[in-house]
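Remarks on the structure that follows.
Numbering (our numbering), first residue to last: -8 to 160.
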């Protein structure tokens, strides 16, 4: 990635003669890129809140509708919404994965940008101190926790589906 990140400077480039301008532009690009990474994280949190709220509401509706389950005929029709909800849970997990991959790429670029700056607070500092997410005693990546929540909802929906099939018989 690092080789593709940096543009070759032409000998006639104003950067060759003005190193301060070059450094200032790297700093400005770094600031913009860190802000973009932060915005991705905010959108990721917003998506998680949306799915969490949606699934909590759905569970409440399912609980309320169990009182009326005897009115549904044929009973197997109840499985259609449950399967639809499981698809939503799959989409949630897929979205978390996509955001994780996007953020991972952005933070690698930030780390490479920091190689051209006087200090590397994120990449060489914080991320190395945390064991780069590989030492769970130091840092448990939030994505691990993010993935647990939709899986729990998915298991609840599967249990509900099994229960519905059981009471149909």
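Backbone N, C-alpha and C fix where the C-beta goes; we use that ideal spot for every residue, glycine too.
Everything numeric in this text was worked out from a predicted model, so none of it was measured.
Residue i - DSSP class collapsed to helix/strand/coil
i, result
"residue 50", "helix"
"residue 111", "coil"
"residue 125", "coil"
"residue -1", "coil"
"residue 131", "coil"
"residue 63", "coil"
"residue 92", "helix"
"residue 99", "helix"
"residue 4", "coil"
"residue 10", "helix"
"residue 106", "coil"
Separation of residue j from residue i, as counted between CA atoms
i, j, result
"residue 107", "residue 25", "15 Å"
"residue 116", "residue 157", "55 Å"
"residue 60", "residue 54", "10 Å"
"residue 129", "residue 93", "23 Å"
"residue 18", "residue 12", "10 Å"
"residue 137", "residue 145", "13 Å"
"residue 91", "residue 64", "43 Å"
"residue 49", "residue 69", "13 Å"
"residue 113", "residue 89", "22 Å"
"residue 150", "residue 95", "34 Å"
"residue 47", "residue 16", "46 Å"
"residue 141", "residue 76", "11 Å"
"residue 29", "residue 23", "10 Å"
"residue 39", "residue 124", "21 Å"
"residue 57", "residue 154", "11 Å"
"residue 71", "residue 97", "39 Å"
Nearest-angstrom Cβ-Cβ length linking residue i and residue j, presumed shorter than 8 Å
i, j, result
"residue 42", "residue -3", "About 38 Å; that fails the 8 Å criterion."
"residue 20", "residue 104", "7 Å"
"residue 134", "residue 87", "7 Å"
"residue 152", "residue 73", "5 Å"
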